[in-house]
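Comments concern the structure below.
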Amino acid sequence: MIELRAINRSYSVGGQPVRALDNIDLDIDAGAYLSIMGPSGSGKSTLLNILGLLDRPSSGHYRLDGHDVTALSDLEQAQVRNQRIGFVFQMFHLIPRLTAAENVALPLLLAGVAPGRREPLVAKALQELDMGDRAHHKPEQLSGGQRQRVAIARATVTEPELLLADEPTGNLDHHSGQEVIRILESLNSRGITLIMVTHDPEMGRRASRRIKLVDGRLADPDVAT
Amino acid sequence: MSLRSADTVRYSWGALRGYPTRTLLMLLAISVGVAAVVILTGLGEGARRYVMGEFAALGTNLVIIFPGRSETAGISPSTLMGETPRDLTLADAGALARASRIRRMAPINVGSAEISRGGRSREVVVLGSSHDLLAIRHWKMAQGRFLPHLDLDRAAPVAVIGSKIRAELFGAEHALGQWVRLGDRRFRVIGIMGSEGRSIGVDVEETVMVPVASAQQLFNTASLFRILVEARSREALEPVKQQITEILQRRHQGEKDVTVVTQDAVLATFDEILGALTYAVGGIAAISLAVAGILIMNVMLVAVSERTAEIGLLKALGAPAGQISRLILTEALLLSLGGSLLGLAVGELGCWLIRHLLPTLPAYPPPWILTAVLALTLLTGLSFSLLPARRASHMDAVAALSRR
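Below, the structure written as structure tokens:
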């Protein structure tokens, strides 16, 4: 499903070139459960951003379902993000003035889905995450675990094939974190491809496939760094 | 796929409501600017209408003739010989009175003299004229009657006095039919002017009017100060002007040595001056709109950087750059629209208040100004938000989302 070929990404920090990703080759099958681990600054977030089309590689090719998405325009990439990729963030990134249902509806809103057709989809997404009764609550009225569940509902409301999670439990207590992981894994078991960045080895080990980044290069996941 | 317009507006509206203090301050700034334009142009327009009204009261079919030429005609023999222009005389006035297109004519002579009665005396403006002046200037009598129909060269010893002069000379006594002394002559009071006949240039309450020939004797002159002529209609103004010029030229041995102006021309000049004044005042007020525009830009820039994470999120969820721009611009448009509607309401209220407090000043802002100010504000709001919108749409989603 995902093919990365010779992906490089370099930045310039204070005039010094920094190689965040160095010649990455990676294939990920549809329905996979992949964890990306590695120390801070190893390039794992950069890799996730490139996978999520939020960032463009400096060189190399990224094929999604056989299509080279690196060649797409910004507008086309935005469409792919909207239709086929769901994001779950460490900071949840819910818009505070909107209710849970309104936050979940955002991707549909941006896709131009009519209000009448949005409502059942939003209700279903919230229902599946057991948040049906919190639809009209604002984020500030929800606990951390509940907020992340709303964020997951937002990521899944468009029924994407790919779910990208950046430290999804990083801001949660252990119990809520476990719950969120179980939700993500159950989505994966229904066929969604799940890619999760984490620096928690215990979380990382749960994935069926693990990769590790060190200084922008792929490394053996089972060797401690 | 793209955001629906209704959703765009609803989303932007929500964003504005999410920051009530900022939104209210912006609305205030915009509406103050708009209200300033509306009120100031209302005042300017009020002044214009007031002056126009005063002139219209003098009659719009009026033609004024005075001696001398207002335009330069090069060097003629007469200027070389140091000749002054020929005076207007009673005979000129008589000739005009017989002209076909003229409805009414009144010669005018002005001077000052001492009026006395018994022990009291004071200096007054004396206006020498004829019976038709009353109708030409739309004055009203308080008591008695105006100057009688007389041949222009008959110096009858009758006078019409203003109500203030009556009060000063006669106090509570009856004035009609009494004799007063004007200079070295005696006149019988036949009428008293009311206070209603106030008009530009003449305060009839403090004027004494006598037949024109009497005034000429009093001031020992054969010339006239002005001749007022009323045409039969507005359309007849130009022909009348021409006829007057022809008659007087013939009488003055072919010299065009009088100036003939219509009330309309004077009116048009004032109209122009006061119209320009309204523009100028409106323009000055519009500067406050520009200031509001800069404020919009400033606040929108703050709003964009404050909502970095939100904009990054929208990008991650699939909003292309253009859509982010549209959201920011819609916010600015909603603000400008709300601010200008509020400003228009406040401005209209202000004008109403002015009209209420100063009933003589018809302070109605010209209708086009309402549309113009609305368009200007929307344009200002939109153009000053282009930069913030650009900044938002070019924002790096990764950096925006990773900010903790």
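Going down the list, the protein sequences come from chains A and B.
Position one of the first sequence corresponds to residue 776 (this note's numbering), numbered consecutively onward.
Position one of the second sequence corresponds to residue 6 (this note's numbering), numbered consecutively onward.
We treat Cβ as the ideally placed atom computed from N, Cα and C, and that holds for glycine.
State the DSSP-derived secondary structure class of L184 of chain B, mapped to helix, strand or coil. It is worth fixing the name first, because residue 184 of chain B is Trp in this sequence and not Leu. W184 of chain B falls in the strand class under three-state DSSP.
Could you work out which residues of chain B lie near Q916 of chain A, taking near to mean beta carbons separated by less than 7 Å? Chain-ordered listing is empty here: chain B has no CB closer than 7 Å to the CB of Q916 of chain A, the nearest sitting near 16 Å.
Touch test, the segment 223-231 of chain B against the segment 98-117 of chain B, Cβ-Cβ under 8 Å, three pairs minimum: yes
For I958 of chain A and V309 of chain B, I'd like the C-alpha separation in whole angstroms. I958 of chain A and V309 of chain B: Cα-Cα distance of roughly 34 Å.
Residue environment, D135 of chain B, which counts as buried when at least 16 other CB atoms sit within 10 Å: The sequence given here places Ser at residue 135 of chain B; Asp does not occur at that position. If you draw a 10 Å sphere on the C-beta of S135 of chain B, you find 16 or more other C-beta atoms in it, and that means buried.
Under the DSSP definition of a beta bridge, which residues are partnered with T874 of chain A? Paired residue(s): none; T874 of chain A is not in a bridge.
Below 8 Å on the Cβ atoms is my contact criterion, and I expect G386 of chain B with L340 of chain B to pass it. Report the Cβ-Cβ distance as a whole number of Å. 6 Å
Where DSSP assigns a beta bridge to M776 of chain A, which residues make up the other side? None; M776 of chain A has no bridge partner.
Any beta strand (DSSP E) of 3 or more consecutive residues that is wholly inside the segment 111-168 of chain B: Qualifying beta strand (DSSP E) stretches, in chain order: 125-134, 146-149, 163-167.
Quick one: which chain A residues come within Cβ less than 7 Å of R9 of chain B? G887
Please confirm whether Q923 of chain A has its beta-carbon closer than 8 Å to some beta-carbon of chain B. no
Nearest-angstrom Cα separation, counted from R985 of chain A out to E954 of chain A: 21 Å
Between the beta-carbon of V245 of chain B and the beta-carbon of I107 of chain B, is there less than 8 Å? It is a contact, given that the beta carbons lie within the stated cut-off.
With the cut-off set at 8 Å, would you say S833 of chain A and R784 of chain A are in Cβ contact? Between S833 of chain A and R784 of chain A, the C-beta gap is smaller than 8 Å, which places the two residues in contact.
Which residue or residues does DSSP assign as beta-bridge partners of H836 of chain A? A:R780
Hey, could you find the ends of the alpha helix (DSSP H) F275 of chain B is sitting in? 268-311
N1001 of chain A - containing beta strand (DSSP E), residue span: Past the edges of chain A, shown from 776 to 1000, lies residue 1001 of chain A, and the structure says nothing about it.
Pop quiz: A291 of chain B and A405 of chain B are said to be a contact at Cβ under 8 Å. What is the actual Cβ separation, rounded to whole angstroms? With 8 Å as the limit, A291 of chain B and A405 of chain B do not qualify as a contact, their Cβ atoms being about 37 Å apart.
Exposed unless 16 or more other CB atoms sit within 10 angstroms - verdict on E50 of chain B: buried
How is H950 of chain A classed by DSSP in three states: helix, strand or coil? The three-state reading of DSSP puts H950 of chain A in helix, counting H, G and I together.
For the ligand MG, is there a heavy atom less than 7 Å away from the beta-carbon of R331 of chain B? The ligand MG is absent from the structure shown, which contains no ligands of any kind.
Leaving aside the five residues before and after G979 of chain A along the sequence, list all residues of the same chain whose C-beta is less than 7 Å from its C-beta, in chain order. S810, M812, T973, R985
Quick one: what's E410 of chain B bridged to in DSSP? The displayed coordinates of chain B run from 6 to 409. Any statement about residue 410 of chain B would go beyond what the structure contains.
Please report whether the beta-carbon of A397 of chain B lies at a distance below 8 Å from any beta-carbon of chain A. no
In chain order, what are the residue ranges of uninterrupted alpha helix (DSSP H) at least 4 long that sit wholly in the segment 304-368 of chain B? Within the segment 304-368 of chain B, the complete alpha helix (DSSP H) runs of at least 4 residues are 313-321, 326-362.
Around the C-beta of T931 of chain A, are 16 or more other C-beta atoms found within 10 angstroms, so that it is buried, or is it exposed? buried
Using 8 Å as the limit for Cβ to Cβ distance, is G343 of chain B near chain A? no
Would you list, in sequence order, the uninterrupted alpha helix (DSSP H) runs of no fewer than 4 residues that lie entirely inside the segment 27-52 of chain B? If we require 4 residues or more, the segment 27-52 of chain B turns out to have no alpha helix (DSSP H) run fully inside it.
Check whether chain A comes within 8 Å of V309 of chain B, counting only Cβ atoms and requiring the distance to be less than that. V309 of chain B does not count as touching chain A.
Please report the distance separating the alpha-carbon of V844 of chain A from that of Q858 of chain A. 14 Å
Distance CB(L347 of chain B)-CB(L383 of chain B) smaller than 8 Å: Cβ distance not < 8 Å, so L347 of chain B and L383 of chain B don't count as in contact.
Nearest by alpha-carbon distance to R190 of chain B: which of B:S219, B:G167, B:M198 is it? B:S219
Coil, strand or helix - M57 of chain B by DSSP: Of the three classes helix, strand and coil, the one that applies to M57 of chain B here is helix, per DSSP.
Check each residue of the segment 26-39 of chain B: if its Cβ is closer than 8 Å to any Cβ of chain A, include it; give the result in chain order. none
Could you name the residues of the segment 312-326 of chain B whose beta carbon sits closer than 8 Å to any beta carbon of chain A, in the order they occur along the chain? A314, E315, G317, L318, L319, K320, A321, L322, G323, A324, P325, A326
Measure the Cβ-Cβ separation of Y369 of chain B and G47 of chain B and say whether it is below 8 Å. yes
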